[in-house]
Amino acid sequence: MSPDAVSPDAVSPDAVSPDAGGRVVLAGALDTKGPEHAFVRDLLAASGLRPLLVDVGIRGEPSVRPDVTRAEVARAGGRELREIAGLPARGEALAAMAEGVLALMESLRDAGAVDAAFGMGGSGALAVLAPGFRALPLGVPKMIVTTMASSDTRPHVGASDLLLVPSIVDIAGLNTLSRFVLERSVAMLAAQLRHPVPGGPGGGDGEGPPMVAASMFGVTTAGVSRACRVLESRGLDVLVFHANGLGGRTLESLAGAGWLAGVLDLTTTELADDLAGGVASAGPDRLTAAGRRGVPQVVAPGALDIVNFGAPASVPEPYRERRLYAHNATATLMRTDPDEAAVLGARLGAKLSAARGPVTVLLPTGGLSALSEPGGAFHWPEADEALERALLAAVGPEVVVERSPAAVNAPAFGERAAELLLAHLGEHLSGHLDHTQAIRSPNDS
């Protein structure tokens, strides 16, 4: 944030006072949608909330007086409004204003001066507002009423809990239907603020069970499910994330925000998609957030034998002669080769070596997935050995590596992974864990 960026106190001391409740950032283009924002501002105030009206318009004159001007928003992002208004492409101008909104939201968030965020508009509003709204922590209500709610929303929502509400009609004037939608949307936001649900980072009110994240894929389900049952029997609340890209991003987001007591990351397949251009990449920051926070981790190279693509025709031309497996009509899997496996082992080792908390890597030498067990379509010992060698060469002395003769889906592997994580959690969670349960439940087969 630049030195001239907007600070919470400079914006509107009354509206964002940390002692006030229900502080709602209401952001939008007041040149094209002034009356609509004035209507929502009044609804928020009538609901007992404290709106902070932020103008993100660029060229026209605002028809409603904001609490934060567009010039202040632009400066928050390190630009001048006249510079942004002079950009030749609309997309460039919107991106520049989005940087300002993001900086403003981060400033208010860090000052503890925002309880919720509300916006409205079409694709332009989403482009400007969504990045800033996503900067608010999980659990802080964030809502955009938009014509784009039924489109591909992944670029806007990402791994956040941003709520997109269908506007039904365009946000272009007030009428019976638009008033109805906006009134209901404000009521939704107000209800979330008036009736908070206990829970949050680190267990929220401290009364709920500690939360542990687990990563899983169809080809690692048996082993991960076994581990989860063990952890749950010890009193942990296990959150399972599908390792399809978004799942990994969400896991990273929760770990970075302090929600998790531990991570059972037995399905790290998203690293392979990031390397080879598959459809299930979680980006380059996968396997970093828990390490930065010092959260205990047990990690396995589960499904690192797999790169994910869509229908067979979607597989890139250079890969079409590789080992492929039709998982279903819309999912084609590619086996990682020894060279790729070596790169993945090195990346995994480097990421885990940077962790500030305890880390154990459990290697399933009997198979990285259901497909790479002996006799499976992706059984390729040379590739698995290349991954192991590179991993061992890359890990630092603080990372414990344990070889298991079992496959990732074997009951013994899941049980051992859970046992290792419980050992890492140790005394830190001793008051929460049930130590009377055996590792194996008598009802388990």
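Note that the numbering used here has the sequence shown beginning at -13, numbered continuously upward.
For each residue, glycine too, the CB sits at the ideal point set by N, CA and C.
Please read all numbers here as calculations on a predicted model, not as lab measurements.
- Item | A71, enclosing alpha helix (DSSP H) - first and last residue | L67 to A71
- Message: I need the straight-line Cα distance from G110 to T133, nearest angstrom please.
- Response: 11 Å
- Query: How about P282 and G343: are their beta carbons less than 8 Å apart?
  - Reply: yes
- Query: What separation, rounded to the nearest whole angstrom, lies between the Cα atoms of L80 and A393?
  - Reply: 50 Å
- Item | C-beta contact flag for P350 and F399 at 8 Å | yes
- Given A24, which residues of its chain have a CB within under 6 Å of its CB, disregarding the five upstream and five downstream residues? V50
- Query: Is P123 closer than 8 Å to A243 when the C-beta atoms are compared?
  - Reply: yes
- Burial state of I130 (16 or more Cβ within 10 Å): buried
- Query: Are there 16 or more other CB atoms within 10 angstroms of the CB of D156, so buried, or fewer, so exposed?
  - Reply: exposed
- Shortest alpha-carbon distance to E66 belongs to which of A82, E22 and L246? A82
- Can you tell which of G263, L250, L261 and D53 has the C-alpha that lies nearest to the C-alpha of G277? L250
- Spatial neighbours of G188 in its chain, beta-carbon cut-off 6 Å, leaving aside the 5 residues before and after: Since pLDDT at G188 reaches only 48, below the 50 mark, its modelled position is unreliable, and the value read off the structure follows with that caveat. Here the set comprises G244.
- Message: Please report the straight-line C-alpha distance between V226 and L237, rounded to a whole angstrom.
- Response: 9 Å
- Taking 8 Å as the cut-off, decide whether the C-beta atoms of E256 and A266 are in contact. yes
- Query: Who are the Cβ neighbours of D325 in its own chain at under 8 Å, not counting the five residues just before and after it?
  - Reply: A372
- Item | Buried versus exposed call for D(-10) [16 or more other C-beta atoms within 10 Å across all chains shown] | Its pLDDT being 39, under 50, D(-10) is placed unreliably by the model, and nothing is read from it.
- How about the region 295 to 307 and the region 351 to 367: do they share at least three Cβ pairs that are nearer than 8 Å? no
- When DSSP labels each residue in this structure, what does S201 get in the three-state scheme? strand
- How long is the line joining the alpha carbons of L246 and A275, rounded to whole angstroms? 11 Å
- Message: I'd like the span of the alpha helix (DSSP H) that includes T162, first residue to last.
- Response: T162 to R180
- Item | Under the three-state DSSP convention, the category H228 falls into | strand
- Task: Pick out whichever of M174, V143, G144 and E368 has its Cα sitting closest to the Cα of D323.
- Result: E368
- Hey, out of R306, A327 and V329, whose CA is closest to T318's CA? R306
- Message: Only counting the same chain, and skipping five residues up and downstream in sequence, which positions put a Cβ closer than 6 Å to that of G331?
- Response: L373, A376 and L377
- Is it the case that the Cβ atoms of V42 and A15 are separated by a distance below 8 Å? yes
- Backbone CA spacing between D101 and V10 [nearest angstrom]: 6 Å
- Task: Assign A404 to buried or exposed, taking buried as 16 or more other Cβ atoms, counted over all protein chains shown, within 10 Å of its Cβ.
- Result: buried
- Inter-residue spacing [alpha-carbon to alpha-carbon] between V59 and L90: 7 Å
- L38 to S171 span [Cα, whole Å]: 17 Å
- Query: Which residues in the same chain as V210 place their Cβ atom closer than 6 Å to its Cβ, once the five residues preceding and following it in sequence are excluded?
  - Reply: A200, M202 and L252
- Report all residues from its chain with a CB closer than 8 Å to the CB of N429; omit the five preceding and five following residues, and keep chain order. In this prediction, N429 scores a pLDDT of 34, lower than 50, which makes its location untrustworthy; the coordinate-derived value is nonetheless stated afterwards. Around N429: no qualifying Cβ.
- Query: For the alpha helix (DSSP H) that M83 lies in, which residues bound it at each end?
  - Reply: R76 to D96
- Query: Thinking C-alpha only, which one of G382, V347 and L334 is nearest R389?
  - Reply: V347
- Measure the alpha-carbon distance for E169 versus R36 and round it to whole angstroms. 16 Å
- For F119, which three-state DSSP category applies? helix
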